[in-house]
Structures are given as structure tokens and as C-alpha cells.
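So the protein lines, in turn, are chains A and B.
All the letters of the first sequence, read from the start, carry residue numbers 1 to 203 under the numbering used here.
All the letters of the second sequence, read from the start, carry residue numbers 1001 to 1212 under the numbering used here.
Following: one structure in C-alpha cells, then a few remarks.
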Amino acid sequence: MSVLFIHSHYNYYNETNSAMGRQDQANSVLSVRELQLTERHFQEATGLITTTHLDQIGFLRFRDAVEDLLDRGGRWIFNGHVMRPLVDGLRNYVPLPSQRRADLDQIRLHPHPIFAGIDQKALEENRGVAGFYGRGHNPMPEGALAINGIGPEQVAVDWVWARPRGGEILSHAGNEFWGCGDDPALKAELLDRAVKWVEGTLN
Amino acid sequence: MSVLAIHPGTYYHIQSLEHAPFAPYFDALVRPENLGWGELERYDVLFIPCRTPADRILPHRDILQRYLDEGRTIISTGESHSELYLPGVSFTPQPTNWWWWLTPGADLGVRAVNTDHSLFRYLPEQDLTWHLHGWFDAPEGATVLAVNEAGKPILYVDDVSTNGRLIVTSLDPLFHHGSHFMPATTRFLNGFLPWMRDHARRRPPEGEGPQG
């Protein structure tokens, strides 16, 4: 069992002192610098977490390996805006046409173990400012389930897709969701649940 | 005049570099891993976008130095750790005050300096203001164009450290523009990129005077 975390960004001054860095140190995830990725990392992983800083062009060279990981029943949490056809079924991000405060209201549309018992309103704002969580959506593949909706149309800022060929993708169209809101305990809980869901111990 | 931009491939780089309205300001895009002298020498200006991972540029430090030695221009924008691979760059990070604008009447403190510089015919001072990520010790003789609340440089033009021109800033406009967030960053690029086309090159064509 191993969760592969693709470490895309570069922070010379604060590389390990992050929530995900601590998950890495606790051996909950295998953190690999994007430049060091090989197909073998995907072959040996049972799940995958990527961030808003993913090099989507470079990631395409592992498209078959990612599809294989999913076909084997693996789970992938994707954070950010889809701008390349990373795997079959994903389509490009659509920003909300209007991004005033009322356009950024969120609502839970379907339960999911990562968000169970968590009021979505607690993630809607950082210090009274909305928009960090998301400002649009990655269009859902056919058969996906909307978890959290945003805006007047309640488009799915979060969705989960049980692929017909196997595996699941959870898409969050914004900054890492475990970094949103103002409650440090809630953020830590969300990251812990995210890792557990990807490794298959939270269902 | 031609500009080559590094393309690190995140969604915000794709949105900013490949899509309207800013794609036409770049003549070509190159992946950091494919940056070679044969490609580089065909362009007058190299643009390094904000949040380019430094470990993807570090292997090219020698050809960047050569590029500058030959009189060309490199523009490096924020959160890319240019101090690790560009000559004469000394950077001090500062905590980002994400929330300054929540206080009525607050002022982040960013100011334009040397306001007779050509940049400010394209860009008003207020479009320099969104966040601060850090400041530079600009080399003696460099032209500082913007400073933080303590008067420390956050944007400067360095024609003295090399035969070429270094334009260095800690501002990170592409990240926010490409995230469809923070209109000031889009306005910054609306001014900065046309200025880049008109004035960033140091080496003038034969028969023309120096630019700046």
C-alpha cells in the first residue's frame, strides 16, 4: 500500500515544514519530486495525490501509467484546474462567469467520507474572504457524483467518479481543499482523511 | 524583437502563456527541460514565469549566464528563486500579508520609484499592488522601479551586473491571472507585457540607439 504524492512546487526555504511534508515524514505518503518521477512510481503506488502546481504537460507522459493505476482500483485526488486531457474523461476547467461573493456560495450535494460531518460553510471562506476554495469547476465525466456545488448553478467544484474501468478520481477545482478555511484542526483532519481515502482505509 | 518564455506546465502557466489575451506577447514557449543554447540564442528576451520550480532551471545556469554575457535580456518574475541561478540577485523572503486589504483604508505600501521610467507609461502604480513575497538587495547602479513598505526593491532593472539586462521582480502575476483571481494581476500584465515588447531588450538592432 502506498500513496504517491507528486511534489510539484519548489520552496527553497520551507520544503519540509508543511502539512504534506509531515505526512511524508510519517510515511503516510511517498512524496516524489516531479522531476524524479518514473513509471515505476505509478506501478508501485496504490493511490495518487496531485496539487494545483502539477506540471500537466509533463504529467501527460505518465498518462498510461495513471490509467493503469486507476484500472487496478487505485484512487486519485486531483487539485486544481484541468487544462490538459490528463486521463480519459477529464475536460478543461470552466471558471464561474461571475465571481461576486454571492456567486461563491457552496452547498453539499452528496455525502462523501472525506467531507462527512463537515459543514461546507466552514471551508467557504478564509478570514471572511471567499474564493480560495474554488471559483469554477472541472466538468464532471458521465457517471460522476457531485460532492460540493458552487455558485447559483451549483456546478460541482468537487466530484468523485467511479470509473467504469476501475478506480476513482476525486476532483477538486481549486487550491488543495485541506488548505482552506480558518480552522487548523479541520484542515489537518481533511488532509488526514484525504490520505486515508486514497490509501483505501476510509470508505 | 522576440521573446521566448519558459513553460513549466501548471494550469496557471497554461492559462497565462497559451491563451488570450497574453499568448501573443510570447513568440515561443519552451519547456525548462528542453532549454538549450540553440533555442535560446534565437531570441532577444527570455521570460521566466512566476512559480517556475528552481530545480528545473538550475541545470541551465551556465547558458543563462552566457545569454546575459552576449547582451540579451532575462525577465524573472516572483516565487521562482531567481537568486539561485541568476547573477547578482540577492533575495530576502518576507511573510505574505494576504489580508492587508480587509482593513479599511489599509495600504500594502508598494510604491513606484523612478517614475519617469518607460514602464510607467504603460503601468500605473496601483497595478503593482496585490501581495508581497520578498525583496531584493538591488546591485549598485541598477534601476529600482518598485519598492515594498520598507522601501526595499521588489522590481528592478539591472544593466550593470552583466553585459545584458536582468529584469527581476518578486511579484507573481501569472499565478493569479492564470487562476482567474485578483484583477490587479491581469492589469499588471496588460501594462508590463506591452512594455516588455517595446523596451525590455537591451541589445538594439544596428542603427538604433539603446533602449531603456
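Quick reminder that beta carbons are idealized off the backbone N, C-alpha and C, glycines included.
**Q.** Selection from B/Arg1066, B/Gly1038, B/Ser1118 that minimises the alpha carbon distance to B/Leu1191
**A.** The count along the second sequence starts at 1 and reaches residue 1191 of chain B at position 191. Looking at the sequence provided, one finds Gly at residue 1191 of chain B rather than Leu. The shortest Cα separation from B/Gly1191 among B/Arg1066, B/Gly1038, B/Ser1118 belongs to B/Ser1118.
**Q.** contact_flag[the region 152-162 of chain A, the region 53-69 of chain A] where n(CB pairs < 8 Å) is 3 or more
**A.** No contact exists between the region 152-162 of chain A and the region 53-69 of chain A.
Q | Closer than 8 Å to chain A by CB, B/Thr1010 | A | For the purposes of this step, residue 1010 of chain B is taken as the residue at position 10 of the second sequence. Cβ-Cβ to chain A under 8 Å: yes for B/Thr1010.
Q: Would you mind telling me which residues of chain A sit closer than 9 Å to B/Leu1014, beta carbon to beta carbon, in chain order?
A: Here the question's residue 1014 of chain B lines up with position 14 in the second sequence. According to the sequence as given, residue 1014 of chain B is Ile; it is not Leu. The contacting residues are Gln56, Ile57, His81, Met83, Arg84.
Q.
Taking the alpha-carbon of A/Leu48 as reference, which of A/Leu30, A/Gln106, A/Ile57, A/Leu35 has the nearest alpha-carbon?
A. On the first sequence, residue 48 of chain A is found 48 positions in, with the first residue counted as 1. The option with the nearest alpha carbon to A/Leu48 is A/Leu30.
Q.
Is it buried or exposed, A/Asn203, if we count other Cβ atoms within 10 angstroms and call 16 or more buried?
A. The count along the first sequence starts at 1 and reaches residue 203 of chain A at position 203. A residue is called buried once 16 or more other Cβ atoms fall within 10 Å of its Cβ, and A/Asn203, having fewer, is exposed.
Q: Say whether chain A places a C-beta atom closer than 8 Å to the C-beta of B/Leu1102.
A: One-based indexing of the second sequence puts residue 1102 of chain B at position 102. Cβ-Cβ to chain A under 8 Å: yes for B/Leu1102.
Q. Taking 8 Å as the CB-CB limit, is A/Pro139 close to chain B?
A. As a position in the first sequence, residue 139 of chain A is number 139, starting the count at 1. Contact with chain B is absent for A/Pro139, since none of that chain's Cβ atoms lies less than 8 Å from the residue's Cβ.
Q. If you drop the 5 nearest sequence neighbours on each side, which residues of the same chain put their C-beta closer than 6 Å to that of A/Gly191?
A. On the first sequence, position 191 is the one that residue 191 of chain A refers to. The residue you asked about is not Gly; residue 191 of chain A is Leu in the sequence shown. Only residues of its own chain outside the window of five on either side were considered, and among them Ala19, Trp178 have a CB closer than 6 Å to the CB of A/Leu191, listed in chain order.
Q.
For B/Tyr1156, report the span of its beta strand (DSSP E) as first-last.
A. As a working note, residue 1156 of chain B is residue 156 in the second sequence. Where B/Tyr1156 is concerned, the enclosing beta strand (DSSP E) starts and stops at 1153-1158.
Q) CA-CA distance, A/His9 and B/Ser1090? A) Here residue 9 of chain A is taken as the residue at index 9 of the first sequence, counted from 1. Here residue 1090 of chain B is taken as the residue at index 90 of the second sequence, counted from 1. Whole-angstrom Cα-Cα distance: 21 Å.
Q: My understanding is that A/Arg75 touches A/Glu189, with C-beta atoms under 8 Å, so please give their C-beta distance in whole angstroms.
A: For this step, residue 75 of chain A is matched to residue 75 along the first sequence. For this step, residue 189 of chain A is matched to residue 189 along the first sequence. Contact flag wrong, Cβ pair sits at about 18 Å.
Q: State buried or exposed for B/Asp947, treating a residue as buried only when at least 16 other CB atoms are found within 10 Å of its CB.
A: The structure shown does not extend to residue 947 of chain B, since chain B is modelled only from 1001 to 1212, so the question has no answer here.
Q | Segment contact flag, the region 1099-1113 of chain B with the region 1051-1067 of chain B, C-beta cutoff 8 Å, min 3 pairs | A | With a cut-off of 8 Å, the region 1051-1067 of chain B and the region 1099-1113 of chain B do not count as touching, because too few Cβ pairs lie within range.
Q.
Going by beta-carbon coordinates alone, are A/Arg193 and A/Ile114 separated by less than 8 Å?
A. To locate residue 193 of chain A, count along the first sequence from 1; it is residue 193. To locate residue 114 of chain A, count along the first sequence from 1; it is residue 114. Yes, the Cβ-Cβ distance between A/Arg193 and A/Ile114 is below 8 Å.
Q) Where does A/Gly200 fall in DSSP's three states? A) Numbered from 1 along the first sequence, position 200 holds the residue referred to as residue 200 of chain A. In the structure shown, A/Gly200 sits in coil (DSSP, three-state: anything other than H, G, I, E or B).
Q) Looking at C-alpha atoms only, which residue of B/Tyr1122, B/Gly1009, B/Ala1146 is the closest neighbour of B/Leu1174? A) To locate residue 1174 of chain B, count along the second sequence from 1; it is residue 174. Just measuring C-alpha positions, the residue of B/Tyr1122, B/Gly1009, B/Ala1146 sitting nearest B/Leu1174 is B/Gly1009.
Q. Which value, in whole angstroms, describes the spacing of the CA atoms of B/Ala1112 and A/Val32?
A. For the purposes of this step, residue 1112 of chain B is identified with residue 112 of the second sequence, where counting begins at 1. For the purposes of this step, residue 32 of chain A is identified with residue 32 of the first sequence, where counting begins at 1. When rounded, the distance between both Cα atoms is 41 Å.
Q. What did DSSP end up calling A/Ala194 once you bin it into helix, strand or coil?
A. Here residue 194 of chain A refers to the residue found at position 194 when the first sequence is read from its first residue. The answer is helix: DSSP assigns A/Ala194 an H, G or I state.
(Q) Rounded to the nearest angstrom, what separates B/His1081 and B/Pro1053 at their Cα positions? (A) As a first step, residue 1081 of chain B is located in the second sequence; it is residue number 81 there, counting from the start. As a first step, residue 1053 of chain B is located in the second sequence; it is residue number 53 there, counting from the start. Rounded to the nearest angstrom, the two C-alpha atoms are 8 Å apart.
Q: Using alpha carbons as the reference points, say which of A/Ala162, A/Asn138, A/Ile118, A/Arg163 lies closest to A/Gly181.
A: Along the first sequence, read from residue 1 onward, the residue named residue 181 of chain A stands at position 181. Closest option to A/Gly181, Cα to Cα, is A/Ile118.
Q. Apart from the five residues just before and just after B/Trp1037, which ones in its own chain have a Cβ nearer than 6 Å to its Cβ?
A. Here residue 1037 of chain B is taken as the residue at index 37 of the second sequence, counted from 1. By the criterion of a C-beta distance shorter than 6 Å, B/Trp1037 is surrounded in its chain by Ile1063, once the five residues flanking it on both sides are discounted.
Q) Can the beta-carbon of B/Arg1051 be found closer than 8 Å to that of B/Asp1172? A) Start at 1 with the first residue of the second sequence, and residue 1051 of chain B comes out as number 51. Start at 1 with the first residue of the second sequence, and residue 1172 of chain B comes out as number 172. In terms of Cβ geometry, B/Arg1051 and B/Asp1172 form a close pair [threshold 8 Å].
Q | Rounded Cβ spacing between B/His1007 and B/Arg1031 (contact assumed at less than 8 Å) | A | The residue you call residue 1007 of chain B lines up with position 7 of the second sequence. The residue you call residue 1031 of chain B lines up with position 31 of the second sequence. About 6 Å; that satisfies the 8 Å criterion.
Q.
Which residues in chain A have a C-beta closer than 8 Å to the C-beta of B/Asp1055? List them in chain order.
A. Translated into the one-based positions of the second sequence, residue 1055 of chain B becomes position 55. Among the residues of chain A, those whose CB is under 8 Å from the CB of B/Asp1055 are Tyr10, Arg33, Leu35, following chain order.
Q: List the endpoints of the continuous beta strand (DSSP E) containing B/Trp1135.
A: Working through the second sequence from its first residue, we reach residue 1135 of chain B at position 135. B/Trp1135 -> beta strand (DSSP E) spans 1134-1136.
Q | Residues, ordered as in the chain, of the region 1172-1196 of chain B that lie near chain A by beta-carbon distance below 8 Å | A | Taking 8 Å as the Cβ-Cβ cut-off, the region 1172-1196 of chain B approaches chain A at Ser1179, His1180, Phe1181, given in chain order.
Q: Could you list which residues in chain A have their beta carbon closer than 7 Å to that of B/Trp1099, in chain order?
A: Here residue 1099 of chain B corresponds to residue number 99 of the second sequence, with the count starting at 1. Going along chain A in sequence order, the residues near B/Trp1099 (Cβ under 7 Å) are Arg127.
**Q.** Runs of beta strand (DSSP E) wholly within the region 138-197 of chain A (minimum 3 residues, chain order)
**A.** Secondary structure within the region 138-197 of chain A: the beta strand (DSSP E) runs of 3 or more consecutive residues, fully enclosed, are 145-150, 155-162, 168-172 (chain order).
Q: Answer yes or no: does any C-beta atom of chain A fall closer than 8 Å to that of B/Arg1031?
A: Translated into positions along the second sequence, residue 1031 of chain B becomes position 31. Yes - at least one Cβ of chain A is within 8 Å of the one on B/Arg1031.
(Q) If I follow the unbroken alpha helix (DSSP H) through A/Gln25, where does it start and stop? (A) Your numbering for residue 25 of chain A matches position 25 in the first sequence. Residue range 19-25 is occupied by the alpha helix (DSSP H) that includes A/Gln25.
Q. What is the residue span of the beta strand (DSSP E) that A/Trp76 lies within?
A. Sequence index remark: in the first sequence, residue 76 of chain A carries index 76 (1-based). In the DSSP annotation of this structure, the continuous segment of the beta strand (DSSP E) that includes A/Trp76 starts and ends at 75-79.
Q. Near B/Arg1165, which residues of its chain fall below 6 Å by C-beta distance, leaving aside the five closest residues on each side in sequence?
A. Sequence index remark: in the second sequence, residue 1165 of chain B carries index 165 (1-based). Correct list, in chain order: Thr1073, Asp1159, Arg1202.
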